[in-house]
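Quick notes on the structure that follows.
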Amino acid sequence: MEFDHYPEHQKITLKWAQVEKYIDLMIQSDRYLTDKEKEHYTPPVSAEPDATLTHAKNLIRDFCLKEYDSEPDFSNLSKIGIAYTNAADEEIPIQVNVDLVGYRVERYLGEVLIDERQYESLENLTETELEALDFSELVSVTDEELEHYHNKAEEHPALLPLNAATEYNALKEQHPDALVGFEQGGQFEFYADDAQKVCELLGGKLLEKETALGIVPVTGFPSDQWVYRAKQLWQCGENIYLAGLNEDGTHHQTKYLRREDYLPLGTTIHMERRAFRVDTVNFDKGSVSLQDVALAEMRIPVFREEPLALVRELYEEQDMMESPLPDYKVGDNVVVELPTRTIEGKVGYVGETDVRIDTSAHGQSWDNEVVNKQQFEEGLRQNEQVTTQPDDTVKTVAIYPAEENRMPYDIVIQTIG
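Position in the sequence shown (from 1) plus 25 gives the number in the working numbering.
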């Protein structure tokens, strides 16, 4: 910095540190501004505390001491927390803040602002809100506010932490050709390109989700709809891998549906009392090319095209005939093999989509496991298949010696029972 030094009017160059010290001395000696310059500045505000603000803080302090036996935090006057709990029947935090600077009360469910009451002055805020603080009223949540929260929560899915993001990426690397559904917060979520594809096939909203590795597109469906939704995607010709959530936050394979298993090539389908072999499957057109088996054996290549949905239905019916569902009813003792655990107990209830297994030794219905019906039947069938069967008994009922009967071999007739 350069200036002319009075009275010699010599030009002097100072470093910024010297300038700072010089200005500080000028301010302390009240020589920084001239009398004319001082006329343009208002006098300093009195340092005495504002009576209205003090009254408001005292009301908040009294409330917090009465309700929580603790002092409120006044470090940020625009955000003073005065109530905190969880919504009834739901693990959603409720937070109520008072803003003494902006004159308002804000109520949050989770991170969603559900109510904001604005006032014209601190006096109005104090008279209307602070002089009648009631904990129950502050944390009371209406059905409309809960609905608003859930709608907003769907638009802004919860953060995917680093360990979960890392696990998802590893699964996606293992199954690059599959739509990978990753269970989080009661939803099977699909990310990035998978999310785009699922939206195209199933409809629904394409949202954004913040992860520890960045923001990505996301969509999904409720976890309890996975059987129906996964089949919808599968019948479009997609590979589907669903990773279910474990109690420790890791994931297990809930279901892996492969495109080629939807209608395997070479499968024999019976139609109109004739056998046909699946030759090609066109998911884009929704059609199947079938070859007549009998004519093929005669070296006459005859093909016909049928709707994919029809052939798949016939395939399922044949599969059911070959592998009938296990027979069970309420009261039966069952052992069900699931991907992550084995459930032993008594069938307590059979619904259209779920089965309840009472696991208490004394039969109390409150000690139970509710399992998706398809999972239950698959697990029950699997257990029946591995159950050890009793050894068969073999009984010889007749012997025909070769020499006596002029035959090249002895003939032995046995029964197995």
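For glycine and all other residues, C-beta sits at the position ideal for the given N, C-alpha and C. Just so you know, these numbers come straight off a predicted model, no measurement behind them.
Check	Outcome
So who's on the other strand from Ser312, going by DSSP bridges?	Asn307 and Pro332
Comparing alpha-carbon positions, which option in Met323, Ser314, Ile325 and Val359 lies nearest Pro332?	Ser314
List, from N- to C-terminal side, the beta strand (DSSP E) runs of 3 residues or more that fit wholly inside the stretch 235–323.	239–247, 264–270, 276–282, 293–296, 299–307 and 312–317
Rounded to the nearest angstrom, how far is the Cβ of Ile117 from that of Gly135, given a contact under 8 Å?	5 Å
Could you give the C-beta distance for Gly373 and Asp383, rounded to a whole number, given that I count them as a contact under 8 Å?	4 Å
Gln221: beta carbon under 6 Å from a heavy atom of the ligand ATP?	Looking for the ligand ATP in the displayed structure turns up nothing, as the structure carries no ligands at all.
Assess, as a yes-or-no matter, whether the stretch 255–268 is touched by the stretch 280–292 under the definition of 3 or more beta carbon pairs within less than 8 Å.	yes
Cα separation between Val361 and Glu141?	51 Å
Looking at C-beta atoms only, is the number of pairs between the stretch 291–301 and the stretch 331–346 that lie closer than 8 Å three or more?	yes
Given Pro32, which residues of its chain have a CB within under 8 Å of its CB, disregarding the five upstream and five downstream residues?	Interpretation of Pro32 is limited by its pLDDT of 46, a score under 50 that renders its predicted location unreliable; the figure taken from the coordinates is listed afterwards. Counting only Cβ-Cβ distances below 8 Å, and skipping sequence neighbours, we find nothing.
Can you tell me where the alpha helix (DSSP H) holding Val223 begins and where it ends?	Ala217 to Leu227
For Thr153, which three-state DSSP category applies?	helix
Could you compute how far the alpha carbon of Ser95 sits from the alpha carbon of Leu147?	24 Å
Going residue by residue through the stretch 83–138, where are the continuous beta strand (DSSP E) segments of at least 3 residues, counting only ones entirely within it?	105–111, 118–124 and 129–134
Among the residues of its own chain, which have a CB less than 8 Å from the CB of Asn188, if the five just before and after it don't count?	Gly274
For Asn194, which beta-bridge partners are listed by DSSP?	BP columns for Asn194 are empty, so no partner.
With a threshold of 8 Å on Cβ separation, who are the neighbours of Ser98 within its own chain once the five nearest residues in sequence on each side are excluded?	According to the sequence shown, residue 98 is Asp rather than Ser. Cβ within range, chain order: Ile105 and Gly106.
From the DSSP output, which residues share a beta bridge with Gly370?	Val359
With Leu171 and Glu263 assumed to form a contact (beta carbons below 8 Å), what rounded beta-carbon distance in angstroms separates them?	Incorrect: roughly 35 Å between the Cβ atoms, too far for contact.
Can you tell me which of the three DSSP states Val205 falls into?	strand
Please classify Ala220 as buried or exposed, where buried requires at least 16 other C-beta atoms within 10 Å of its C-beta.	buried
The alpha helix (DSSP H) spanning Val164 covers which residue range?	Phe160 to Val164
Is Leu232 helix, strand or coil when you go by DSSP?	strand
In angstroms with no decimal places, state the Cα-to-Cα distance between Asp138 and Ala195.	The amino acid occupying residue 138 in the given sequence is Leu; Asp does not appear at that position. Taking the straight line from one Cα to the other gives about 36 Å.
Which word fits Thr167, buried or exposed, when buried means at least 16 other C-beta atoms lie within 10 angstroms of its C-beta?	exposed
What are the boundary residues of the beta strand (DSSP E) that Asp379 is part of?	Asp379 to Asp383
Just grab the DSSP bridge partners of Asp140 for me.	Arg132
For the beta strand (DSSP E) containing Val395, list its first residue and its last residue.	Asn393 to Asn397
Output needed for Phe401: all residues of its chain with C-beta closer than 7 Å, excluding positions within five of it in sequence on either side, in chain order.	Val361 and Val380
Among the residues of its own chain, which have a CB less than 8 Å from the CB of Asn149, if the five just before and after it don't count?	Tyr128
So who's on the other strand from Glu342, going by DSSP bridges?	BP columns for Glu342 are empty, so no partner.
Would you check if the distance between the CB atom of Ser103 and the CB atom of Asp124 is smaller than 7 Å?	yes
Within a Cβ cutoff of 8 Å, which residues of the same chain sit near Leu90, ignoring the five residues on either side of it in sequence?	Glu96
So what does DSSP say about Glu145, is it helix, strand or coil?	coil
Throw me the rounded Cβ distance for the Phe213 and Ser248 pair, which I believe falls under 8 Å.	6 Å
Just checking my contact of Pro242 with Ala217 at CB under 8 Å: how many whole Å lie between their CB atoms?	6 Å
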